[in-house]
Amino acid sequence: MFGRKKPIKKRKILVIEDDSLLANILINSFVREGFEAFNILDGLQAIETTKKLRPDLILLDLILPGLDGFEVLRQLKADEQLKKVPVFIISNLDSISDVRSAKILGAEEYFIKANTNVKNIIKEVNKRLTTK
Numbered sequence: 004m005f006g007r008k009k010p011i012k013k014r015k016i017l018v019i020e021d022d023s024l025l026a027n028i029l030i031n032s033f034v035r036e037g038f039e040a041f042n043i044l045d046g047l048q049a050i051e052t053t054k055k056l057r058p059d060l061i062l063l064d065l066i067l068p069g070l071d072g073f074e075v076l077r078q079l080k081a082d083e084q085l086k087k088v089p090v091f092i093i094s095n096l097d098s099i100s101d102v103r104s105a106k107i108l109g110a111e112e113y114f115i116k117a118n119t120n121v122k123n124i125i126k127e128v129n130k131r132l133t134t135k
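So the number in this note's numbering is just where the residue sits in the sequence shown, counting from 1, plus 3.
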């Protein structure tokens, strides 16, 4: 028993994104950084999958098939088991009202896809999860 280290629990990231190219880039980048990363393609699966996976953080697109990201965020934050999971938005919606709405609903960060890169997202995720 001595000398055996307790295995390090990998942090889980759930990427709710229907653009498979972007989702794969994010997933692969997080895996390279030592995370467990999962992708959901539509809003309808998001709540149930979040309950099963218990991610440490969610990256959420706002334009999704099924339920849109605003409704997913609303349901996540209304659920007692899920409301404390940090949610970062990653979207092409760049209006002040969209950003404000997402923040009011409980999003902690808002990344506009055209104005950000994966390294910045990973940096902010790491920063958020180390201050948790």
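Just so you know, even glycine gets a beta-carbon here, dropped at the ideal spot from N, CA and C.
Rounded to the nearest whole angstrom, the C-alpha separation of Leu79 and Lys122 is 26 Å.
In this structure, the alpha-carbon of Ile107 lies about 29 Å from that of Asn27.
Asn129: member of the alpha helix (DSSP H) spanning Val121 to Thr133, first to last residue. Between Lys13 and Gly37, the beta carbon gap of about 6 Å places them in contact (Cβ cut-off 8 Å).
Under the three-state reduction of DSSP, Asn42 is assigned to strand. Here DSSP, grouped into helix, strand and coil, assigns Val88 to coil.
Listed in chain order, the non-local C-beta contacts of Ala49 below 6 Å within the same chain comprise Ile19, Ile43 and Val75, local neighbours out to five positions each way being set aside. Under the DSSP assignment, Leu108 falls in the alpha helix (DSSP H) whose first and last residues are Ile99 to Leu108. For Pro68 and Lys130, the gap between their C-alpha atoms comes out near 30 Å. Per DSSP, reduced to three states, the secondary structure at Ile30 is helical. Its chain contains Ile61, Leu63, Leu76, Leu79, Gly109, Ala110 and Glu111 as the residues whose beta carbon lies nearer than 7 Å to that of Val90, once the 5 sequence neighbours on both sides are disregarded; these appear in chain order.
Collapsing the DSSP output to three states places Leu25 in a helix. As DSSP reads the structure, Val18 sits in a beta bridge with Asn42 and Leu62.
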